[in-house]
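Chains as they are written, first to last, in the working numbering: chain X, 19 to 132; chain L, 813 to 927.
Comments concern the structure below.
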Amino acid sequence: DGGITQSPKYLFRKEGQNVTLSCEQNLNHDAMYWYRQDPGQGLRLIYYSQIVNDFQKGDIAEGYSVSREKKESFPLTVTSAQKNPTAFYLCASSIAGTVNYGYTFGSGTRLTVV
Amino acid sequence: AQKVTQAQTEISVVEKEDVTLDCVYETRDTTYYLFWYKQPPSGELVFLIRRNSFDEQNEISGRYSWNFQKSTSSFNFTITASQVVDSAVYFCALPGGGGSEKLVFGKGTKLTVNP
Numbered sequence: 019d020g021g022i023t024q025s026p027k028y029l030f031r032k033e034g035q036n037v038t039l040s041c042e043q044n045l046n047h048d049a050m051y052w053y054r055q056d057p058g059q060g061l062r063l064i065y066y067s068q069i070v071n072d073f074q075k076g077d078i079a080e081g082y083s084v085s086r087e088k089k090e091s092f093p094l095t096v097t098s099a100q101k102n103p104t105a106f107y108l109c110a111s112s113i114a115g116t117v118n119y120g121y122t123f124g125s126g127t128r129l130t131v132v
Numbered sequence: 813a814q815k816v817t818q819a820q821t822e823i824s825v826v827e828k829e830d831v832t833l834d835c836v837y838e839t840r841d842t843t844y845y846l847f848w849y850k851q852p853p854s855g856e857l858v859f860l861i862r863r864n865s866f867d868e869q870n871e872i873s874g875r876y877s878w879n880f881q882k883s884t885s886s887f888n889f890t891i892t893a894s895q896v897v898d899s900a901v902y903f904c905a906l907p908g909g910g911g912s913e914k915l916v917f918g919k920g921t922k923l924t925v926n927p
């Protein structure tokens, strides 16, 4: 079955450490996105990529980095510069790089800083 | 700028009640799409509906219905005869506009259906 796989489901990080969240899709979608969800804040866009080897900052990119070396993969690194990284992270993808078709979402990764 | 407002933060109903979730939007585009997503406790957002701004007909799918009114910039979602399985966070969204390839989401409405 086609879909988006995010791993791990739960992640614990010590302060000062970088951590990478995985996102893989087998939908042959061109565009991929990372959103952060905090209670009462809705979804906020971190980074997005419409094509391999290219990506753009979203609304809250500070303290995060991404890469898009393969069409299927869009990993997100939460760096030590991110001051409040505890949140639920959602990866999404869309058809043919056009948002008018909406997104398919992964099941999310819950990151907790301990 | 594109904006989606879901004024209802949380709603609690008893099973079999009807419930309406409000969505008001702002857009600079003349043609656009609107979306509703459901986020059950498992976390994954599930697509419910996409509506083109050209089409103002109401849509019904089983117990779900959507009322799109362009004149008031609203796209409300009604669940008829709610069930416990409808308990989730519901998000309304629209594209960022101006060729933007991102979706802008409201803050979501948490619906709890009690038995």
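Even for Gly, the Cβ is constructed at its ideal location relative to N, Cα and C.
Buried versus exposed call for residue i [16 or more other C-beta atoms within 10 Å across all chains shown]
i, result
"Ile22 (chain X)", "buried"
"Gln869 (chain L)", "exposed"
"Gln59 (chain X)", "exposed"
"Ser854 (chain L)", "exposed"
"Ser883 (chain L)", "exposed"
"Ala49 (chain X)", "buried"
"Gly930 (chain L)", "With chain L covering 813 to 927 only, the question about residue 930 (chain L) has no answer from this structure."
"Gly905 (chain L)", "Here residue 905 (chain L) is Ala; the residue named in the question, Gly, does not match the sequence. Buried, by the Cβ-count rule."
"Thr839 (chain L)", "buried"
Residue j beta carbon less than 8 Å from that of residue i
i, j, result
"Thr18 (chain X)", "Leu29 (chain X)", "Residue 18 (chain X) lies beyond the stretch modelled for chain X, which goes from 19 to 132, so this question has no answer here."
"Leu94 (chain X)", "Thr38 (chain X)", "yes"
"Tyr843 (chain L)", "Phe859 (chain L)", "Per the sequence presented here, residue 843 (chain L) reads as Thr, with Tyr not at that position. No; because the gap between Cβ atoms is not below 8 Å, this pair is not in contact."
"Glu829 (chain L)", "Ser899 (chain L)", "no"
"Gln820 (chain L)", "Val901 (chain L)", "no"
"Phe847 (chain L)", "Gly76 (chain X)", "no"
"Val825 (chain L)", "Val925 (chain L)", "yes"
Coil, strand or helix - residue i by DSSP
i, result
"Ile22 (chain X)", "strand"
"Tyr139 (chain X)", "Coverage of chain X is limited to positions 19 through 132, which leaves residue 139 (chain X) absent and any answer about it impossible."
"Ser877 (chain L)", "strand"
"Val70 (chain X)", "coil"
"Ser883 (chain L)", "helix"
Unbroken beta strand (DSSP E) run spanning residue i, endpoints
i, result
"Gly920 (chain L)", "First-last for Gly920 (chain L): undefined, no H or E at that position."
"Phe859 (chain L)", "858–864"
"Asn888 (chain L)", "886–891"
"Leu846 (chain L)", "845–851"
"Pro907 (chain L)", "900–907"
"Arg128 (chain X)", "127–131"
"Asp77 (chain X)", "Per DSSP, Asp77 (chain X) belongs to no beta strand (DSSP E) and is neither H nor E."
"Ala49 (chain X)", "49–56"
"Leu94 (chain X)", "94–96"
"Ile823 (chain L)", "822–826"
"Ser112 (chain X)", "105–112"
Rounded Cβ spacing between residue i and residue j (contact assumed at less than 8 Å)
i, j, result
"Glu87 (chain X)", "Asn71 (chain X)", "7 Å"
"Arg31 (chain X)", "Val131 (chain X)", "5 Å"
"Gly908 (chain L)", "Cys835 (chain L)", "Actually they are not in contact, since the Cβ atoms of Gly908 (chain L) and Cys835 (chain L) sit about 16 Å apart, beyond 8 Å."
"Ala110 (chain X)", "Tyr53 (chain X)", "7 Å"
"Asn46 (chain X)", "Thr97 (chain X)", "The Cβ separation is near 30 Å, so there is no contact."
"Phe106 (chain X)", "Gln55 (chain X)", "4 Å"
Neighbour flag for residue i against chain C, beta carbons, 8 Å
i, result
"Tyr837 (chain L)", "You won't find chain C in this structure, because its protein chains are X and L."
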